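Asks: Those sequence lines, one after another, are chains H and U. Under numbering that gives the first Met the number 0, the first residue of the first sequence carries the number 0, and numbering increases by one thereafter. Under numbering that gives the first Met the number 0, the first residue of the second sequence carries the number 0, and numbering increases by one thereafter. The beta-carbon is built from N, C-alpha and C at its ideal position, and this holds for glycine as well. As the structure is a prediction and not an experimental result, all values here were calculated from the model. Input: one structure, supplied below.
2 protein chains.
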Amino acid sequence: MQASARGERRLCFMDHDDPIRPWPVLKSKQGTSLGIFQPRWDHVKNPRNGHEMRALVLETPQWVNVVARDEEGRFLLVRQWRFGISGPSLEIPGGVVHAGEDPLQAGKRELLEETGCEAREWIALGSVSPNPAIHDNRCFHFLAKGVRQVTELNLDPGEDLESVWLTEQELLARIADERLDHALVLSALARVLDLRVTDQRRQD
Amino acid sequence: MQASARGERRLCFMDHDDPIRPWPVLKSKQGTSLGIFQPRWDHVKNPRNGHEMRALVLETPQWVNVVARDEEGRFLLVRQWRFGISGPSLEIPGGVVHAGEDPLQAGKRELLEETGCEAREWIALGSVSPNPAIHDNRCFHFLAKGVRQVTELNLDPGEDLESVWLTEQELLARIADERLDHALVLSALARVLDLRVTDQRRQD
Chain H
0 MQASARGERR LCFMDHDDPI RPWPVLKSKQ GTSLGIFQPR WDHVKNPRNG HEMRALVLET
60 PQWVNVVARD EEGRFLLVRQ WRFGISGPSL EIPGGVVHAG EDPLQAGKRE LLEETGCEAR
120 EWIALGSVSP NPAIHDNRCF HFLAKGVRQV TELNLDPGED LESVWLTEQE LLARIADERL
180 DHALVLSALA RVLDLRVTDQ RRQD
Chain U
0 MQASARGERR LCFMDHDDPI RPWPVLKSKQ GTSLGIFQPR WDHVKNPRNG HEMRALVLET
60 PQWVNVVARD EEGRFLLVRQ WRFGISGPSL EIPGGVVHAG EDPLQAGKRE LLEETGCEAR
120 EWIALGSVSP NPAIHDNRCF HFLAKGVRQV TELNLDPGED LESVWLTEQE LLARIADERL
180 DHALVLSALA RVLDLRVTDQ RRQD
């Protein structure tokens, strides 16, 4: 509390859930649509010092992804070319929650579309903010148990996907060497798998 | 392999690390700058069916974040207002890697700027792709051990931060109830903490 007594922001405080000061939005302006994102410029005011600035928000639909396992505990992954990195990406099934869908419906739809699979049981694993500095959406994580193929793939013209079944050991190896490196996929998998780095040098 | 024999994409395959077909970029066009992001439209061609489409890439600087612990194993978090969600966010220190910096330098700088702290030891925890569908950057995770305060905060005019020290138990409680919900923070913490959901209903 020493800094607080001098009028600075507190470095440490005891009540960790104190409300923090909101930044008033003085006005907002829509930017040029980016298709899946709607840029918005908020003119905001820093409550600490009155400094005014422009903040970018990308209005984004909700997202969903699914940790899918069969009765033997194998994991169902999808591989595809990703335009952001201009390269291949190993991921779990997922995508955008459509208007009028709830996240569970979207998870079931994406699993079916991307892999031709259904699941015996669906369990909500909570949700995360993909990036609270930029995006206004959440990504909902689900665990799908007893997954099995029920139909052929139904890919959009703009998709080119492959499904891969991996054992837990194979999956963990691909996480360890960063062949699987999508942060939102890792966020979902961390709710099911222990992803701590095993190298003792890295441990506390 | 049954689908492959019929000319469809394979649903499962044995060599999990087969190369996947690249999507050629026929031409690219820069969009209107968004400050921290440079939108780029790639005109791409689906290698599966020849379908041509426009893909958005947000060219983005590298990011870094730091799991910071003191000699007693307490975690150093920062709280701030985030414009994407128009609300408060509990995070680990981090930010953009500046031009000419390496990620470790950036981690040390961000820790000092946001908390006034330095560390006895720095350990690389690998890196992730924040979103390979959209962003071309990576986020580098570090573990900083033996963290202690060495100076007052040095906040930009556009920042309003508070630091919080949490025990491991307090931190895990905030992850469990989603008071800490930033995917990239969770990705870094998953390399140090076991984040599996404890509710038995959710376990496989």
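Can you give me the Cβ contacts of Asn136/H inside the same chain, cut-off strictly under 7 angstroms, excluding the 5 residues immediately before and after it?
Replies: Your numbering for residue 136/H matches position 137 in the first sequence. If we look at Asn136/H and ignore the five residues flanking it on each side, its Cβ neighbours are Thr59, Pro60, Gln61, Trp62, Pro129.
Asks: If we call anything under 9 angstroms between Cβ atoms a contact, is Glu120/H one with Ala98/H?
Replies: As a first step, residue 120/H must be located in the first sequence, where it is residue number 121. As a first step, residue 98/H must be located in the first sequence, where it is residue number 99. Result no, Cβ atoms of Glu120/H and Ala98/H do not sit closer than 9 angstroms.
Asks: Does the distance from the C-beta atom of Arg78/U to that of Glu90/U stay below 9 angstroms?
Replies: Start at 1 with the first residue of the second sequence, and residue 78/U comes out as number 79. Start at 1 with the first residue of the second sequence, and residue 90/U comes out as number 91. Yes. Within cutoff.
Asks: Measuring CB to CB, does Pro23/H end up less than 9 angstroms from Val43/H?
Replies: Position 24 of the first sequence, counted from the first residue, corresponds to residue 23/H. Position 44 of the first sequence, counted from the first residue, corresponds to residue 43/H. Going by C-beta atoms, Pro23/H is nearer than 9 angstroms to Val43/H.
Asks: Leaving out five residues on either side along the sequence, give the residues of the same chain with a beta carbon under 8 angstroms from the beta carbon of Trp80/H.
Replies: If you number the first sequence from 1, residue 80/H lands on position 81. If we look at Trp80/H and ignore the five residues flanking it on each side, its Cβ neighbours are Gly86, Pro87, Ser88, Asp159.
Asks: Any Cβ of chain U within less than 9 angstroms of the Cβ of Gly34/H?
Replies: Counting from 1 along the first sequence, the entry for residue 34/H is found at position 35. Interface residue, yes.
Asks: Using C-beta distances below 7 angstroms, list every residue in its chain close to Gly6/H, excluding the 5 sequence neighbours before and after it, in chain order.
Replies: As a position in the first sequence, residue 6/H is number 7, starting the count at 1. Confidence in Gly6/H is poor, its pLDDT being 36 and thus under 50, which makes the residue's placement too unreliable to answer from.
Asks: Would you mind stating whether Leu75/U and Arg68/U have Cβ atoms separated by less than 9 angstroms?
Replies: For the purposes of this step, residue 75/U is identified with residue 76 of the second sequence, where counting begins at 1. For the purposes of this step, residue 68/U is identified with residue 69 of the second sequence, where counting begins at 1. Cβ atoms of Leu75/U and Arg68/U: closer than 9 angstroms.
Asks: I'd like to know whether the C-beta atoms of Ser126/U and Glu177/H end up nearer to each other than 9 angstroms.
Replies: Reading the second sequence from its first residue, position 127 is the one you call residue 126/U. Reading the first sequence from its first residue, position 178 is the one you call residue 177/H. A contact, by the Cβ cut-off of 9 angstroms.
Asks: Taking only the alpha-carbon atoms, compute the straight-line gap between His134/H and Gln37/U and give it to the nearest angstrom.
Replies: Your numbering for residue 134/H matches position 135 in the first sequence. Your numbering for residue 37/U matches position 38 in the second sequence. C-alpha separation (whole angstroms): 16 angstroms.
Asks: Give me the subset of the segment 37–48 of chain H whose CB atoms are less than 7 angstroms from a CB atom of chain U, sorted by chain position.
Replies: Under the 7 angstroms Cβ criterion, the segment 37–48 of chain H contributes Pro38, Asp41, Val43, Asn45, Pro46, Arg47, Asn48.
Asks: Which chain H residues sit within Cβ distance under 8 angstroms of Val63/U?
Replies: The residue you call residue 63/U lines up with position 64 of the second sequence. Going along chain H, no residue has its Cβ under 8 angstroms from Val63/U, so there is no contact; the nearest lies around 13 angstroms.
Asks: Around the C-beta of Asp155/U, are 16 or more other C-beta atoms found within 10 angstroms, so that it is buried, or is it exposed?
Replies: Along the second sequence, one-based indexing puts residue 155/U at 156. Result: exposed.
Asks: Hey, out of Gln104/U, Arg147/U, Leu124/U, whose CA is closest to Arg190/U's CA?
Replies: Along the second sequence, one-based indexing puts residue 190/U at 191. Selected option, being the one with the closest Cα: Leu124/U.
Asks: Does Trp121/H get closer than 9 angstroms to chain C when you measure Cβ to Cβ?
Replies: The structure shown has no chain C; the protein chains it does contain are H and U.
Asks: What separation, rounded to the nearest whole angstrom, lies between the Cα atoms of Arg53/H and Glu112/U?
Replies: Residue 53/H sits at position 54 when you count from the first residue of the first sequence. Residue 112/U sits at position 113 when you count from the first residue of the second sequence. Whole-angstrom Cα-Cα distance: 21 angstroms.
Asks: Excluding sequence positions up to five away, which residues of its chain have a Cβ less than 6 angstroms from the Cβ of Leu152/U?
Replies: Sequence index remark: in the second sequence, residue 152/U carries index 153 (1-based). Same-chain partners within the cutoff: Gly115.
Asks: CA-CA distance, Val149/H and Val66/U?
Replies: Within the first sequence, the letter at position 150 stands for residue 149/H. Within the second sequence, the letter at position 67 stands for residue 66/U. Straight-line Cα distance between these residues: approximately 43 angstroms.
Asks: Could you name the residues of chain H that Leu55/U contacts, counting a contact when the two beta carbons are closer than 9 angstroms?
Replies: As a position in the second sequence, residue 55/U is number 56, starting the count at 1. In chain order: Leu33, Gly34, Ile35, Phe36, Phe82, Gly83.
Asks: Would you report the Cα separation of Gly83/U and Ala182/U, rounded to the nearest angstrom?
Replies: What you label residue 83/U is simply residue 84 of the second sequence in a count that begins at 1. What you label residue 182/U is simply residue 183 of the second sequence in a count that begins at 1. One C-alpha to the other measures close to 14 angstroms.
Asks: Check Arg137/U in the structure and name its three-state DSSP category.
Replies: In the second sequence, counting from the first residue as 1, residue 137/U sits at position 138. The answer is coil: DSSP assigns Arg137/U none of H, G, I, E or B.
Asks: Is the Cβ-Cβ distance between His50/U and Gly94/H less than 9 angstroms?
Replies: Along the second sequence, read from residue 1 onward, the residue named residue 50/U stands at position 51. Along the first sequence, read from residue 1 onward, the residue named residue 94/H stands at position 95. In this structure, Gly94/H does not lie closer than 9 angstroms to His50/U by Cβ.
Asks: For Arg228/U, list the residues DSSP reports as bridge partners.
Replies: Outside the displayed range of chain U (0 to 203) lies residue 228/U, so it cannot be described from this structure.
Asks: Looking at Pro92/U and Asn48/U, is the spacing between their C-beta atoms short of 9 angstroms?
Replies: Stepping through the second sequence from its first residue, residue 48/U is reached at position 49. Stepping through the second sequence from its first residue, residue 92/U is reached at position 93. No, the Cβ-Cβ distance between Asn48/U and Pro92/U is not below 9 angstroms.
Asks: CB of Val196/H to nearest heavy atom of the ligand FAD: below 8 angstroms?
Replies: The ligand FAD is absent from the structure shown, which contains no ligands of any kind.
Asks: Check whether chain H comes within 9 angstroms of Val96/U, counting only Cβ atoms and requiring the distance to be less than that.
Replies: As a working mapping, residue 96/U is identified with position 97 in the second sequence. No - not a single Cβ of chain H is within 9 angstroms of the one on Val96/U.
Asks: Tell me where the alpha helix (DSSP H) around Ala98/U begins and ends.
Replies: Start at 1 with the first residue of the second sequence, and residue 98/U comes out as number 99. Unbroken run through Ala98/U: none, as it is neither H nor E.
Asks: Please report the distance separating the alpha-carbon of Phe141/U from that of Val196/U.
Replies: Taking the first residue of the second sequence as 1, we reach residue 141/U at position 142. Taking the first residue of the second sequence as 1, we reach residue 196/U at position 197. Looking at the two C-alpha atoms, the distance is approximately 24 angstroms.
Asks: As a quick exercise: from Ala132/U, Pro131/U, Pro102/U, pick the residue whose alpha carbon is nearest that of Ile122/U.
Replies: The residue given as residue 122/U occupies position 123 in the second sequence. When only C-alpha atoms are compared, the closest one is Pro102/U.
Asks: Taking the C-alpha atoms as reference points, what is the distance between Thr31/U and Arg39/H?
Replies: What you label residue 31/U is simply residue 32 of the second sequence in a count that begins at 1. What you label residue 39/H is simply residue 40 of the first sequence in a count that begins at 1. Each residue's alpha carbon lies about 13 angstroms from the other.
Asks: Tell me the residue span of the beta strand (DSSP E) that contains Gly86/H.
Replies: Locating residue 86/H in the first sequence gives position 87, counting from the first residue. Gly86/H -> beta strand (DSSP E) spans 86–90.
Asks: Roughly how far, in whole angstroms, is the beta-carbon of Leu55/U from the beta-carbon of Gly34/H, given that I think they are within contact range, below 8 angstroms?
Replies: Within the second sequence, the letter at position 56 stands for residue 55/U. Within the first sequence, the letter at position 35 stands for residue 34/H. About 6 angstroms separates the two Cβ atoms, so the contact holds.
Asks: Identify every run of the beta strand (DSSP E) within the segment 103–148 of chain H, keeping only runs that are complete inside it and at least 3 residues long; order them along the chain.
Replies: Segments of the beta strand (DSSP E) lying fully in the segment 103–148 of chain H: 120–127, 138–144.
Asks: Within the same chain, show all residues whose beta-carbon is closer than 6 angstroms to that of Gln29/U, passing over the 5 residues directly before and after it, in chain order.
Replies: The count along the second sequence starts at 1 and reaches residue 29/U at position 30. Excluding sequence neighbours, Gln29/U sits near Arg39.
Asks: Look at Asp193/U and Asp193/H and say whether their C-beta atoms are less than 9 angstroms apart.
Replies: Numbered from its first residue, the second sequence carries residue 193/U at position 194. Numbered from its first residue, the first sequence carries residue 193/H at position 194. Contact: yes.
Asks: Within 10 angstroms of its Cβ, does Ser27/H collect 16 or more other Cβ (buried), or is it exposed?
Replies: Along the first sequence, read from residue 1 onward, the residue named residue 27/H stands at position 28. Result: exposed.
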